[in-house]
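K.L.:
Numbering (my numbering), first residue to last: 9 to 139.
1. Rounded to the nearest angstrom, how far is the Cβ of residue 129 from that of residue 114, given a contact under 8 Å?
2. Let's see if you can read the secondary structure: which residues bound the alpha helix (DSSP H) around residue 80?
3. Can at least three beta-carbon pairs, one atom from the region 89-96 and one from the region 50-69, be found at a separation below 8 Å?
4. Keeping to the same chain, check which residues put their C-beta closer than 7 Å to that of residue 72; ignore five residues upstream and five downstream.
5. Taking only the alpha-carbon atoms, compute the straight-line gap between residue 27 and residue 101 and give it to the nearest angstrom.
6. Go through its chain and collect everything with a Cβ distance to residue 132's Cβ below 6 Å, but skip five positions before and after it.
7. Tell me whether residue 121 is buried or exposed, calling it buried when 16 or more other Cβ atoms sit within 10 Å of its Cβ.
8. What is the DSSP secondary structure of residue 49, reduced to helix, strand or coil?
9. Grouping DSSP H, G and I as helix and E and B as strand, with all else coil, what is residue 139?
As C-alpha cells, this is what we get:
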C-alpha cells in the first residue's frame, strides 16, 4: 500500500518541493480570489484548478456517489474541518465518546458544545496508547 502524507499544516517543515513550486506558480500566474464574485480568465482558470483538485481527491479517497467532487470540501486546515463536522452534526442531547489521545482540536469544540447540552466522555488510554 502506498502511504500518502497529507499533514502539510503550518508546523510542517520543510514543505515538499512540489508544494512550494505550486504555491509559487499560483502567486506568479494566477492569484485569483474565488470569493470575490468576479469572472476573469484567471478566476475561471483557478476555479477549474479547484474543481480538478476536488475531482482528484474524490477519486483518491474512493469518494461518495461515484467519486462525485461536489462532496469534497476544502478547508484551510484540519482544525477548521473538525469544527465544521462536530458543530454541524452534533445536536443537544447527543453523546460523543472520544479518547484521551485526541488533539485539542477535537476536545475544544466538544467542550464548547457541552454548553449546548452535547455530552461527551473521554476514555483514558493506557501508557502504551491502548483503550
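Quick reminder that beta carbons are idealized off the backbone N, C-alpha and C, glycines included.
Owing to the predicted nature of the structure, the values given are computational and were not obtained by experimental measurement.
P.N.:
On the basis of the coordinates in this document:
1. Against the chain shown, residue 129 aligns to sequence position 121. Against the chain shown, residue 114 aligns to sequence position 106. Not confirmed; about 13 Å, so no contact.
2. Locating residue 80 in the chain shown gives position 72, where the first residue counts as 1. Neither: residue 80 is in no alpha helix (DSSP H) and is coded neither H nor E.
3. Not touching, per the Cβ criterion.
4. The residue given as residue 72 occupies position 64 in the chain shown. Counting only Cβ-Cβ distances below 7 Å, and skipping sequence neighbours, we find 79.
5. The residue given as residue 27 occupies position 19 in the chain shown. The residue given as residue 101 occupies position 93 in the chain shown. In a straight line, the C-alpha of residue 27 is about 43 Å away from that of residue 101.
6. Against the chain shown, residue 132 aligns to sequence position 124. Excluding residues within five positions, the ones whose Cβ falls inside 6 Å are 108.
7. In the chain shown, residue 121 corresponds to position 113, counting from 1. Residue 121 should be labelled buried.
8. On the chain shown, position 41 is the one that residue 49 refers to. Correct three-state label for residue 49: helix.
9. In the chain shown, the residue the question calls residue 139 occupies position 131. In this structure, DSSP gives residue 139 a state outside helix and strand, which the three-state scheme calls coil.
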